[in-house]
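The block underneath contains the structure these notes are about, expressed in structure tokens.
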DNA sequence: TCATGCAATTGATATAGATCAATTCATAGC
DNA sequence: GCTATGAATTGATCTATATCAATTGCATGA
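Chains as they are written, first to last, in our numbering: chain A, 1 to 260; chain B, 261 to 520.
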């Protein structure tokens, strides 16, 4: 489980802009998630302050954004792409504990280490905040802390839905639930960014192995459930990952409820 | 899944005390979790304000503290006893998503409904806060909100550990992990309250059915794992629930890591 | 003390999903 | 276009856990 890759590209709206101290940097002005992410609760003045400590970073699909052991340096919000959060046991077993879509926040607030890995599923762009400085901001901007708190509560709700799925659902229910949940989540993320999207057609950015690590199943079982869903005429799949949900009501019926 | 019981006993340090407005009520003065719970971050002045909206409530073992559907009326901190949080599917399947020990907070902040049930495992005493009033307090007392945020982050960490357990662990690992985790959690709660306790001897306040709902197993499988652990000489059980861990290192080795 | 009833254990069997083993499919490089 | 390589599918078998069925244990009340 090594980081499989070159250094991420760093490009900075960083620190001292020559325009002086009170201008919103272009990177924020055109930010995909300016209006819906953590920053959405900030007025211009606060945002200008926050902006000074941020950097934009890009990761290629498969790159590790942070890991288990090493002390956490940065928090981040996802501007673009999909991130998986995953726990890895010494013996190699792996449990994916969540997916991050724009404008999700990643990193464990108020702690020096994460207890999981964050890995880019697609090419990913994030906006990073150095840990110490960001913690300072949290204390001085109650609105920021409040927003982060709400995002955290949503994550907790999600984690608990996922627990229900992992503990009680059959393989078919799990796979169906993943498709329904992933599509909802992706569509929602797109809507927040005013990106046109069809909730029933999407690219499932996870390999079969990644899906099985998420659902607590094996690759083969996941594959068999996909075949079953195709056979039942509920979905079609092109190029392994391009999903088309044909009968959403029936799928939702099988999934019982959505895990996201 | 009905509430199986009489109305909980209500006793109030409530509202207008005759001593005037600026005295700490006796109930808070002798509170078991005054120093470690949500209130621990409040100075006397804030606590006096908060105290005015609180009520002490008692529930018998088995009673429902709140449920799934009905709009949430109150938040609470646990003063005494153990609470289980659980999700129930229409078809009767059930997944317990966490346990609450003193001084844990229960209830979903900033939302009108919980998406789970809270059920008293033992006789339980809680300190309740009416939702609306408490939300007002959160906005006006940043320290209170911050503390609640930290508690929520801990819960999220726990939920994710549990996901790892549900998705990847064998039956034996799950049962062992539960025993190790439950004992740690209980011992920790006792320590916070300066209650003497032996981490390796405790009453597991869950029926086999409740354990199986927690671990995503059946009653029979849970029972077999207990028998196996006894056979290996790692634990003894008296009266079905009184657990004595004989070889903690070996148990921790099997559990791999603790789910709490 | 004995019946009653529910919880836990233990045993026998069934099965969903895991594991092992070929194929088949898709993408990348030549 | 063709070959090589890893991913996905499909098939055959195995196994951990579920399910079904007694049996045992323990608490309650007559």
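No residue lacks a Cβ here, since even glycine has one placed at the ideal position from N, Cα and C.
Could you check the C-alpha separation between residue i and residue j for me, to the nearest Å?
i: residue 192 of chain A; j: residue 58 of chain A; result: 21 angstroms
i: residue 79 of chain A; j: residue 362 of chain B; result: 39 angstroms
i: residue 348 of chain B; j: residue 27 of chain A; result: 46 angstroms
i: residue 405 of chain B; j: residue 397 of chain B; result: 8 angstroms
i: residue 72 of chain A; j: residue 128 of chain A; result: 12 angstroms
i: residue 278 of chain A; j: residue 140 of chain A; result: Chain A is shown from 1 up to 260; residue 278 of chain A falls before or after that span and cannot be answered.
i: residue 381 of chain B; j: residue 442 of chain B; result: 13 angstroms
i: residue 62 of chain A; j: residue 204 of chain A; result: 15 angstroms
i: residue 156 of chain A; j: residue 412 of chain B; result: 8 angstroms
i: residue 330 of chain B; j: residue 345 of chain B; result: 15 angstroms
i: residue 302 of chain B; j: residue 334 of chain B; result: 20 angstroms
i: residue 105 of chain A; j: residue 33 of chain A; result: 11 angstroms
i: residue 224 of chain A; j: residue 210 of chain A; result: 15 angstroms
i: residue 429 of chain B; j: residue 147 of chain A; result: 35 angstroms
i: residue 255 of chain A; j: residue 307 of chain B; result: 46 angstroms
i: residue 177 of chain A; j: residue 253 of chain A; result: 10 angstroms
i: residue 60 of chain A; j: residue 134 of chain A; result: 25 angstroms
i: residue 172 of chain A; j: residue 208 of chain A; result: 14 angstroms
i: residue 54 of chain A; j: residue 187 of chain A; result: 27 angstroms
i: residue 509 of chain B; j: residue 460 of chain B; result: 11 angstroms
i: residue 247 of chain A; j: residue 229 of chain A; result: 10 angstroms
i: residue 478 of chain B; j: residue 219 of chain A; result: 25 angstroms
i: residue 29 of chain A; j: residue 23 of chain A; result: 10 angstroms
i: residue 31 of chain A; j: residue 130 of chain A; result: 19 angstroms
i: residue 279 of chain B; j: residue 326 of chain B; result: The predicted position of residue 279 of chain B is uncertain, since its pLDDT is 46 and thus under 50; a value taken from the coordinates is nonetheless stated next. One C-alpha to the other measures close to 33 angstroms.
i: residue 354 of chain B; j: residue 386 of chain B; result: 24 angstroms
i: residue 449 of chain B; j: residue 368 of chain B; result: 21 angstroms
i: residue 392 of chain B; j: residue 336 of chain B; result: 13 angstroms
Going by other Cβ atoms of all chains shown within 10 Å of its Cβ, with 16 needed for buried, is residue i buried or exposed?
i: residue 373 of chain B; result: exposed
i: residue 496 of chain B; result: exposed
i: residue 185 of chain A; result: buried
i: residue 455 of chain B; result: exposed
i: residue 493 of chain B; result: exposed
i: residue 505 of chain B; result: buried
i: residue 466 of chain B; result: buried
i: residue 370 of chain B; result: exposed
i: residue 487 of chain B; result: exposed
i: residue 376 of chain B; result: buried
i: residue 240 of chain A; result: exposed
i: residue 403 of chain B; result: exposed
i: residue 238 of chain A; result: exposed
i: residue 161 of chain A; result: buried
So which residues on chain B does residue i lean against when the C-beta distance must stay under 8 angstroms?
i: residue 97 of chain A; result: 420, 423, 424
i: residue 150 of chain A; result: 370
i: residue 153 of chain A; result: 368, 369, 370, 371, 412
Would you mind giving the Cβ-Cβ distance between residue i and residue j, rounded to the nearest angstrom? I have them listed as a contact below 8 angstroms.
i: residue 99 of chain A; j: residue 83 of chain A; result: 7 angstroms
i: residue 159 of chain A; j: residue 419 of chain B; result: 4 angstroms
i: residue 356 of chain B; j: residue 462 of chain B; result: 18 angstroms between Cβ atoms; not a contact.
i: residue 216 of chain A; j: residue 427 of chain B; result: 3 angstroms
i: residue 39 of chain A; j: residue 50 of chain A; result: 7 angstroms
i: residue 424 of chain B; j: residue 503 of chain B; result: Actually they do not touch by this definition, with Cβ atoms about 23 angstroms apart.
Can you check DSSP and say which residues form a bridge with residue i?
i: residue 462 of chain B; result: B/503
i: residue 384 of chain B; result: B/319
i: residue 355 of chain B; result: B/347
i: residue 470 of chain B; result: Residue 470 of chain B pairs with nothing; no bridge assigned.
i: residue 442 of chain B; result: For residue 442 of chain B, which the question treats as bridged, DSSP gives no partner whatsoever.
i: residue 129 of chain A; result: A/75
i: residue 105 of chain A; result: A/77
i: residue 236 of chain A; result: A/244
i: residue 117 of chain A; result: A/86
i: residue 64 of chain A; result: A/119
i: residue 100 of chain A; result: A/83
Whose Cβ in chain B lies nearer than 9 angstroms to the Cβ of residue i?
i: residue 188 of chain A; result: Under the 9 angstroms cutoff, chain B gives no residues; its nearest Cβ is about 17 angstroms from residue 188 of chain A.
Using a C-beta to C-beta distance shorter than 7 angstroms, which residues of chain B count as neighbours of residue i?
i: residue 157 of chain A; result: 375
i: residue 253 of chain A; result: Result: empty, since nearest Cβ-Cβ is about 12 angstroms, beyond 7 angstroms.
i: residue 144 of chain A; result: Residues of chain B passing the Cβ test: none, with the nearest at roughly 12 angstroms.
So is the beta-carbon of residue i under 8 angstroms away from any non-hydrogen atom of the ligand ADP?
i: residue 195 of chain A; result: Among the components modelled here there is no ligand, and therefore nothing to report on the ligand ADP.
Kindly list, in the order they appear in chain A, the residues whose Cβ is closer than 8 angstroms to that of residue i.
i: residue 500 of chain B; result: Neighbours of residue 500 of chain B on chain A: none; closest Cβ ~23 angstroms, over 8 angstroms.
i: residue 353 of chain B; result: 168
i: residue 476 of chain B; result: 166, 167, 168
i: residue 297 of chain B; result: Here the premise fails: no neighbours, minimum Cβ distance about 18 angstroms.
Name the chain A residues that come within less than 9 angstroms of residue i, Cβ to Cβ?
i: residue 444 of chain B; result: Those within 9 angstroms of residue 444 of chain B in chain A number zero; the least Cβ separation is about 16 angstroms.
Residue i touches chain A at which residues, Cβ-Cβ below 7 angstroms?
i: residue 516 of chain B; result: 89
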